[in-house]
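First the structure, in the form of structure tokens, and then the observations on it.
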Amino acid sequence: MATRPPAAEGKSWELAAHPRLPKGKTVAVVVLDGWGEAPPDPFNCIHIADTPTLDALNKAAPERWRLIKAHGTAVGLPTDDDMGNSEVGHNALGAGQIYAQGAKLVDLALDSGKIYEGEGFKYIQQSFLDGGTLHLIGLLSDGGVHSRFDQLQLLLKGASERGAKRIRVHVLTDGRDVLDGSSVRFVEMLEDDLARLREKGVDARIASGGGRMYVTMDRYENDWQVVKRGWDAHVLGEAPHKFKSALEAVKKLREDPKANDQYMPPFVIVDESGKPVGPVQDGDAVVTFNFRADRMVMLAKALEYEGFDKFDRVRFPRIRYAGLLQYDGELKLPSHYLVAPPEIERTSGEYLVRNGVRTYACSETVKFGHVTFFWNGNRSGYFNQDLEKYEEIPSDIGIPFNVQPKMKALEIAHKARDAILSRNFDQVRVNIANGDMVGHTGDIEATIVGCKAADEAVKIILDAVEQVGGIFVLTADHGNAEDMAKRDKSGKPLRDKDGKVQTLTSHTLNPVPIAIGGPGLSPGVRFRTDLANAGLANVAATVMNLHGFEAPDHYEPTLIEVVDK
Ligand SMILES: O=C(O)[C@@H](CO)OP(=O)(O)O
Ligand SMILES: [Mn+2]
Ligand SMILES: [Mn+2]
1 MATRPPAAEG KSWELAAHPR LPKGKTVAVV VLDGWGEAPP DPFNCIHIAD
51 TPTLDALNKA APERWRLIKA HGTAVGLPTD DDMGNSEVGH NALGAGQIYA
101 QGAKLVDLAL DSGKIYEGEG FKYIQQSFLD GGTLHLIGLL SDGGVHSRFD
151 QLQLLLKGAS ERGAKRIRVH VLTDGRDVLD GSSVRFVEML EDDLARLREK
201 GVDARIASGG GRMYVTMDRY ENDWQVVKRG WDAHVLGEAP HKFKSALEAV
251 KKLREDPKAN DQYMPPFVIV DESGKPVGPV QDGDAVVTFN FRADRMVMLA
301 KALEYEGFDK FDRVRFPRIR YAGLLQYDGE LKLPSHYLVA PPEIERTSGE
351 YLVRNGVRTY ACSETVKFGH VTFFWNGNRS GYFNQDLEKY EEIPSDIGIP
401 FNVQPKMKAL EIAHKARDAI LSRNFDQVRV NIANGDMVGH TGDIEATIVG
451 CKAADEAVKI ILDAVEQVGG IFVLTADHGN AEDMAKRDKS GKPLRDKDGK
501 VQTLTSHTLN PVPIAIGGPG LSPGVRFRTD LANAGLANVA ATVMNLHGFE
551 APDHYEPTLI EVVDK
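Residue numbers for the sequence shown follow the UniProt record's numbering, so the first one is 1 and each next one is one higher.
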């Protein structure tokens, strides 16, 4: 995989007309989040749920339904053992090209040692060379979605070899990209590494933590209180729970039968006298070691912005802060970073708008940036506000999604329906979140309810497409709800020591379906049969064709062909 696809520099933005497909049809692009394809079994919620609309698509037109890859190298991840995720999935869907993603870029920078030669590392290094503490804040996980444990280990080693004498790690427990309960093992492994550093004379400790969904890692400004809890624990050294060690913290906090890693309350580690061991002080260095942006950019704002007003920070230490990556290229945030993010250019969204395609995009808050920011190559805002409208439906706040598994699926569908019927838009693009967000809770019953709601939402959108003589493209960004069991190599569900099947809260390696149809689709359109390995990046060219344009030649090939009927 190249770190960048062939550049299209200097090329015109004008798209050639498709020789056989007309312009001017309304195209609805529906992304079902976390909706993969897997054999039917009791842990496949999509199969169990009543989903008549989606079931009918394959049956009605098998030549317009297929599977595409949504994980691993097909979406720019380091290996084919990496599950898909929303960031890389929507990047590939929107960009039509495969870019080496953050995880891969960090691996390369660590392998070559270049990470330590860049401006970002030199900037933070100055703090610890001047006696400051180095703080590392991020998700403790080997899920490879937001962060990776092996990268944290290398950073600890690399920084200590380059002068960091006092290191404090602030850990966010996962249980979403990895098994619930694995926080204990990760903390044990980290403690081993820190003990080895202490033997070498580095004062290295875990200082605070909490569960990723409750502490620090909110996204799209859904709930700033989540970030405030993190600020209080990591920066101020204040939290309702105080422990002598992080291992004791995660073990004790998990004793509550309702506790889990994702929603672990915030905690700080204190010394014998009850004093926090690692609040952030003037002169310290801070690195957020997640490579993925969406759930770090809010904390980055709090760490960097002078005039921040989303919550009372109480104390705003003078620090040197760097992200593992830059999380927002438009905002240039953080202004210092260790590895440059992928530069995703010439996305289909930008091409289509520049060719006059009027675009509407909508989702609820927790997925809003997916169909806008990620879709557009990690770019915020409109390309042309006269031609685009992005609408966000507020997500429920403060309740887990298994309590409200229908989420805002119907509200999103109603907005999409209205946008389609208005005839003000040529592309109406939505993300329906249920399969993913409810799938992450591990609650099978609720996930089934969520999948049914997603199907009902799709029906509303397809009915509107029918009314205007339009076209639909229905696909997903990666798997989740189709498999809720952790399995052995042969595919058999794994059981814990009490004989209970281990719940899989994470995404999967499964392919996702794509279906096209609608009365506006020319009769001879069908999926090509020569692209067995196609993936999400092939969708952009397909959508361009359905809008009546040829795709640029540096795009991954279209999935469709037109045959005489
Ligand atoms: O919730 C998230 O942050 C990730 C899982 O870590 O899910 P998605 O990629 O679907 O957004
Ligand atoms: Mn997703
Ligand atoms: Mn997800």
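Note that beta-carbon positions come from the ideal geometry of N, C-alpha and C, so glycine has one too. This structure is a prediction, so every number in the text was calculated from the model and none was measured.
Same chain only: Cβ atoms within 8 Å of residue i, ignoring 5 sequence neighbours per side
{"i": "D150", "result": "D142"}
{"i": "A446", "result": "F401, N402, V403, P405, V438"}
{"i": "T79", "result": "G72, T73"}
{"i": "E191", "result": "I206, S245, A246, L247"}
Backbone CA spacing between residue i and residue j [nearest angstrom]
{"i": "R176", "j": "D261", "result": "8 Å"}
{"i": "A259", "j": "T529", "result": "48 Å"}
{"i": "N343", "j": "E391", "result": "The sequence given here has Glu at residue 343, not Asn. Approximately 25 Å, taken between the alpha carbons."}
{"i": "H478", "j": "R315", "result": "41 Å"}
{"i": "P22", "j": "T347", "result": "21 Å"}
{"i": "I115", "j": "V339", "result": "6 Å"}
{"i": "G24", "j": "T558", "result": "19 Å"}
{"i": "A541", "j": "T508", "result": "25 Å"}
{"i": "D50", "j": "C451", "result": "8 Å"}
{"i": "M296", "j": "T372", "result": "17 Å"}
{"i": "G377", "j": "Q467", "result": "32 Å"}
{"i": "E119", "j": "Q126", "result": "11 Å"}
{"i": "G274", "j": "V171", "result": "20 Å"}
{"i": "F374", "j": "A537", "result": "13 Å"}
{"i": "G356", "j": "K69", "result": "30 Å"}
{"i": "V543", "j": "I137", "result": "39 Å"}
{"i": "F527", "j": "L546", "result": "12 Å"}
N- and C-terminal bounds of the alpha helix (DSSP H) containing residue i
{"i": "E37", "result": "Run containing E37: none; DSSP gives neither H nor E here."}
{"i": "E466", "result": "444-468"}
{"i": "Q326", "result": "First-last for Q326: undefined, no H or E at that position."}
{"i": "N431", "result": "From DSSP, N431 is part of no alpha helix (DSSP H) but of the beta strand (DSSP E) over 427-432."}
{"i": "G158", "result": "149-161"}
{"i": "Y351", "result": "348-354"}
{"i": "G479", "result": "Segment: none, G479 is in no alpha helix (DSSP H) and carries neither H nor E."}
{"i": "S112", "result": "102-112"}
Cβ-based neighbour list, residue i, same chain, cut-off 6 Å, excluding 5 preceding and 5 following
{"i": "A2", "result": "Unreliable placement is indicated for A2, whose pLDDT of 47 sits below 50; no coordinate value is reported for it."}
{"i": "A17", "result": "none"}
{"i": "S183", "result": "T173, V250, D261"}
{"i": "P276", "result": "G237, V268, V270"}
{"i": "V428", "result": "A28, Y360, A416, A419, I420"}
Residue i Cβ short of 8 Å to ligand 1 heavy atom set
{"i": "E482", "result": "no"}
{"i": "N91", "result": "no"}
{"i": "E87", "result": "yes"}
{"i": "S363", "result": "no"}
{"i": "S380", "result": "no"}
{"i": "D271", "result": "no"}
{"i": "D477", "result": "yes"}
{"i": "D203", "result": "no"}
{"i": "R295", "result": "yes"}
{"i": "M264", "result": "no"}
Boundaries (first-last residue) of the beta strand (DSSP E) holding residue i
{"i": "V169", "result": "166-173"}
{"i": "H241", "result": "241-243"}
{"i": "L67", "result": "65-68"}
{"i": "P257", "result": "No beta strand (DSSP E) contains P257, which DSSP labels as neither H nor E."}
{"i": "V30", "result": "27-32"}
{"i": "S310", "result": "The sequence shown places Lys at residue 310, not Ser. Segment: none, K310 is in no beta strand (DSSP E) and carries neither H nor E."}
{"i": "E14", "result": "Per DSSP, E14 belongs to no beta strand (DSSP E) and is neither H nor E."}
{"i": "R423", "result": "It is not in any beta strand (DSSP E) - R423 carries neither H nor E in the DSSP assignment."}
{"i": "E388", "result": "388-393"}
{"i": "G517", "result": "512-517"}
{"i": "F527", "result": "525-527"}
Near ligand 3: residue i beta-carbon under 8 Å from a heavy atom
{"i": "H414", "result": "no"}
{"i": "D33", "result": "yes"}
{"i": "G143", "result": "no"}
{"i": "G450", "result": "no"}
{"i": "M213", "result": "no"}
{"i": "G237", "result": "no"}
{"i": "G175", "result": "no"}
{"i": "H440", "result": "yes"}
beta-carbon residue i near ligand 2 non-hydrogen atom, thresh 8 Å
{"i": "N434", "result": "no"}
{"i": "H370", "result": "yes"}
{"i": "H507", "result": "yes"}
{"i": "K486", "result": "no"}
{"i": "K69", "result": "no"}
Any chain B beta carbon closer than 9 Å to residue i
{"i": "T475", "result": "Absent here is chain B; the protein component of the structure consists of one chain."}
Same chain, Cβ closer than 7 Å to residue i, neighbours up to 5 away in sequence not counted
{"i": "V280", "result": "H135, H234, V235, V286, P317, I319"}
{"i": "Q97", "result": "P5, A537, H554, Y555, E556"}
{"i": "A300", "result": "T288, G323, Y327, L333, P334"}
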